[in-house]
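Asks: Take this structure first; my questions come after.
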Amino acid sequence: MMALVCYAQRVNGSSNMSHVKDTVDNLLKGYDIRLRPDFGGLPVVVGMNIDIAGIDMVSEVNMNLQC
Numbered sequence: 001m002m003a004l005v006c007y008a009q010r011v012n013g014s015s016n017m018s019h020v021k022d023t024v025d026n027l028l029k030g031y032d033i034r035l036r037p038d039f040g041g042l043p044v045v046v047g048m049n050i051d052i053a054g055i056d057m058v059s060e061v062n063m064n065l066q067c
């Protein structure tokens with residue numbers, strides 16, 4: 001959905017934003033944020049990769065990490 005919004009801004013400037021907002025609102029109509037996707041079905045597998053560019057300092061006393 002975010003790609004749709006960004007694409008609309010790039011193609012037509014901000015004049016098309018009301019149409020994009022209406023489209024996104026229609027897609028989310030009836031959406032309940034409290035329920036996971038495919039509620040009642042099989043568990044949803046979620047994966048994530050985190051790339052750390054660098055670590056600045058690690059404090060062994062406080063166990064703090066600054067990136």
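Residue 53 in the UniProt record's numbering is what sits at position 53 of the sequence shown, and the numbering runs on without skipping anything.
From the three backbone atoms N, C-alpha and C, an ideal C-beta is built for every residue, glycine too.
(1) So what's M17 in DSSP terms, helix, strand or just coil?
(2) Return the CA-CA distance between G41 and R34, expressed in angstroms with no decimal places.
(3) How many Å lie between I52 and H19 at the Cα?
(4) Near N49, which residues of its chain fall below 8 Å by C-beta distance, leaving aside the five closest residues on each side in sequence?
(5) With DSSP collapsed to three states, give me the class of V24.
(6) For M48, write down the residues that DSSP places opposite it in a beta bridge.
Replies: So, to answer that:
(1) M17 carries a helical assignment under DSSP once its states are collapsed to helix, strand and coil.
(2) In this structure, the straight-line span from the alpha carbon of G41 to that of R34 is close to 15 Å.
(3) I52 and H19 have their C-alpha atoms some 38 Å from each other.
(4) Take N49, set aside five residues on each side of it, and no residue of its chain has a beta-carbon closer than 8 Å to its own.
(5) Helix.
(6) The bridge partners DSSP lists for M48 come to none.
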